[in-house]
Each structure stands twice: as C-alpha cells, then as structure tokens.
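Written below as structure tokens is the structure these notes are about.
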Amino acid sequence: MLRRSTVRRITSLLLTATLCFLCIQTAGAEPEISPVELTRAKSAAVAEASTLTLILSKEADAKRDVAGLARLPALLYVCEAIDAGAFALDATVTVSEAAAAVRGPTAFVEPYERISAEALLKAAVMILAGDAIHALAEACAGTSGAALAAINARLAALSIEAECLSLSGEGTRLSANDLLKLGAALAKSETFCAYSAAYMDEILHEKGNRTELVNPNRLIRNTAGCFGMATGSSQEAGYCGLFGVRRGDTVYLCAVTGAPDSAARFAIAQEMVEYCFTAYQATALAHAGEVLVEAVPVRGGTLDVIDLVAGSDAVLLLRQGESCERELALPDVLMAPLPADRAVGKAYFTGPDGNVAAEVELFPQMEVPAATLWEHVRRIFSSWLHA
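In this note's numbering, the protein residues as written are 23 to 409.
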C-alpha cells in the first residue's frame, strides 16, 4: 500500500505533465485573427452578391430579432410583383386600418387614405415604412392572408427557414445569412434599386400634406457605390443593417445585427466592404448566352461547326493577384441532331489551389438538325464545283 506522501508526489507529477502538455498544445495553435473587428456585433457577414460566397462572418446562421429588417420579405414580395407587371406603380392604393396602424418608421398614411403606389413604394424602400409596405402588400395580393402566403412561399424558395406571421414582420427572426439572401434578391429588382440609393425625397398625401423621407443609411452618402439597402433598430435587437455596394461589375452585400449603436453598425459594415474590395476580386468567368467555345466540328448535321455558349452566369471570387484556369470537357466532334436546350459539355474553372471552383454547362448556340440525304448530295456537288 502506497504511503500518503508517495501518492501526493505521483499526483503532483501527473498534474505537472498535464499542464505542460496543454501549454505545448496551446502554443502550437495560432488563433485565427479576423482582418475586421466583429466583436461589437452579435452577427455579421459579407459576401459577393452573385454567388453569396462568404468572405467574413460571425455567427452568420444564428436566428435573431432584426428589428425593422424583418419587413424585408414583404418588401421583396412587393418589388418583385411590380417587376413582373402584376401590379402597377401608377395604381391608386386605399390604405386599410391595419396598414395605417403599423408602428415604427412610417409614411404617416391614414386609414382609407387614397395614395399612389409609387409614393408608398418610395417610403417602403427608403425608410422601410411599415404602413407603406403593409398597404402595398395587401394591394398586390388582394388580402393580407394571400400576401403572407406568397411571402412565405418566397422565403422557402430562397431556402430561408423563417415564417412571416404578419406583414409588419413582427416576431420574424432572421440570420445574417438570411439577410444576405434577401439582399441578393432585392439587388436584382429594378423596382427596389430605383429608389434604394435615394437619400432625400417626399410624398404627397390625398389631403395635400407632404411627408419628407430621409434615408437613414449613412453609407449611401459616405461609401462609394452604396445603393442601400435597409437599417433598423430596437432595444432588443440592437442596431441592424443590410448594405449593398456596387463598384464596376462587383457587388458585395453586408449584414450586421446587434451592434451597440448606429455608429458601430455603419463602421463595421464599411470596414467589411472596404476590406473585400481591397483584398478580393470578383472575376466574371461566364455570362449566360456568351460564346465560350468557337467552331466545334459537327458531324451529320446541317452545319459543319457550331459555337458553344454558357448555360449560366459564373463568378469566381479570387484574392487580388490570383488567377484561374479553364478546362473543357466535351467531345472532339458533336453528332447531329443537336437541340439547343441540351448540354453537350462543361467548362471547368480551377482555382489557385488546383480544385475546381466553378463549372458551367455548354450548349449549342442554335439547334443543328440532322442533314437529309438531299443535303448530303448538295454538299458533295458544291464541293465538286469548288474543287
């Protein structure tokens, strides 16, 4: 049986060895340092808009109260309805009691007021006016219930796991990644972008009074290329924002939630965006319909060669100075008939690490029917005449 002093000695040695091991492990692990200070926000994320490739993030999947930004799904529904021609900007909207009662940023519309859809849209886009968004959504869908069903269907299509229970967005919790998805969709809306970068405007009411609109997004004035998108704040949510910045062909989207104050919200967003433009380049690899491969031989068709076009857009995010290589996977000779809507190969784009970073399907630029017997005879005769 071991003496008590011996047990103490063995225990001490084991503790010392364990501490040494932990120190060695800690010393060998270099903590990853973000190039932008994100600790002041509860969640933050920045991504290239066309691919939503994340560059910087902090708790980007955490669902949170995002204050007024919870109105963005309803605003997206309205803008896309107008884009599609399902609702006209020159229409006159009668404001319901429910719409006029929405709290928060407001267009100061009254129950049963008749006002132009365009005036409501300005307030909806520029200041996220809840009464304007509610009134427009009802007008687009016919009822608030139909509008909510359409909004939730759109959220599902965007792979956003959230549910809107009211057109004001109350109770809807969204993550920074959810906000980026909404931002990417809004950035494609001509209706939204027509007003999102406006700093100051006004709307005229039925009784002749006017409401001045001042966009609270400070980045519109002090960040080159900023075209919106929305800000919001509450005691529970803190200061939140979704921002879009376009310079040339490159667009970055940035979401910030839970910042301690307005200045911190804008500072975090601006630092993230400027870092992206400094450190990365968004390289357009292909545009849908663009010719990527010329004069591919065709056998047995009405054409001898055909150009191949990209089936979709492709953008690759690279660090400044990096490049990528393209490889093709397609037959040496294509066999007719060739439908224009059937892919015949792919273009692969390899990043600096040697891995495939993007791929694009290749389609014939036009349909190539199989040649008839008469066509073969005509070609032989034409070749003989020109011999």
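Where a beta carbon is used, it is the ideal one built from N, C-alpha and C, also for glycine.
Could you have a look at residue i and say whether DSSP puts it in helix, strand or coil?
i	result
M388	coil
Q303	strand
D87	strand
E212	helix
V295	helix
K203	helix
S80	Residue 80 is actually Lys in this sequence, not Ser. Looking at K80 - three-state DSSP - the assignment turns out to be strand.
I182	coil
R321	strand
L60	coil
V10	A query on residue 10 cannot be resolved here, the shown segment of the chain reaching from 23 to 409 and no further.
Y261	strand
D354	coil
A380	strand
L111	coil
E160	helix
V117	coil
V68	strand
G373	coil
L94	helix
V331	strand
L13	No answer is possible for residue 13: the residues shown for the chain start at 23 and end at 409.
S410	The structure shown does not extend to residue 410, since the chain is modelled only from 23 through 409, so no value can be given for it.
V124	coil
V315	strand
R348	strand
S284	helix
E102	helix
A172	helix
L150	coil
R364	coil
Are the beta-carbon atoms belonging to residue i and residue j less than 8 Å from one another?
i	j	result
P127	A151	yes
A252	L91	yes
E140	D112	yes
N199	A66	no
L189	A96	yes
R176	K85	no
L352	V366	yes
P319	A358	no
Y302	L340	yes
A168	S118	no
I225	A145	yes
E135	H227	yes
Near residue i, what residues of its chain come up, given a Cβ to Cβ distance below 7 Å and the 5 sequence neighbours on each side ignored?
i	result
I149	P127, L235, N237, P238
A122	V131, E132, P133, D153
E52	Confidence at E52 is low in this model, with a pLDDT of 40, below 50, so its placement is unreliable and no value can be given for it.
F249	C215, S218, A219, G266, R268
E102	S211
L98	R176, L204, A207, L208
T38	The pLDDT assigned to T38 is 46, lower than 50, so where the model puts this residue is not dependable; a value taken from the coordinates is nonetheless given after this. So no residue of the chain qualifies.
I155	R93, A96, L97, V100, A146, L189
E344	P374
Tell me which residues share the same chain as residue i and place their Cβ nearer than 6 Å to its Cβ, disregarding the 5 neighbours each side in the sequence.
i	result
V337	S72, T73, A304, A306
T61	none
F109	A103, C162
E258	D87
G260	G280, A281
T394	none
E81	S65
Y221	N237, I242
G193	L187
S256	A89
List the whole-angstrom C-beta distance separating residue i from residue j, where the pair is believed to meet the contact cut-off of C-beta under 8 Å.
i	j	result
E389	L360	7 Å
V295	A63	The Cβ separation is near 14 Å, so there is no contact.
S138	T114	6 Å
Q292	L241	6 Å
V58	Y370	That belief does not hold up - the Cβ atoms of V58 and Y370 are roughly 32 Å apart, past 8 Å.
R125	G191	R125 to G191, Cβ: 11 Å. No contact.
T324	E347	Not a contact, Cβ separation roughly 34 Å.
T213	A129	Contact flag wrong, Cβ pair sits at about 17 Å.
By Cβ distance, which residues of its chain are closer than 8 Å to residue i, with the 5 residues on each side in sequence left out?
i	result
Q387	V313, I328, D329, L330, V331, A362
S334	A308, A310, V382, E383
K368	L350, A351, L352, E381, V382, E383, L384
S181	K203
Please confirm whether residue i has its beta-carbon closer than 8 Å to some beta-carbon of chain C.
i	result
G164	The structure shown has no chain C; it contains just one protein chain.
Regarding residue i and the ligand ADP, is the C-beta to nearest heavy atom distance less than 7 Å?
i	result
L314	With respect to the ligand ADP, the structure shown offers nothing to examine, as it has no ligands at all.
Any contact of the region 307 to 314 with the region 284 to 299, i.e. 3+ C-beta pairs under 8 Å? no
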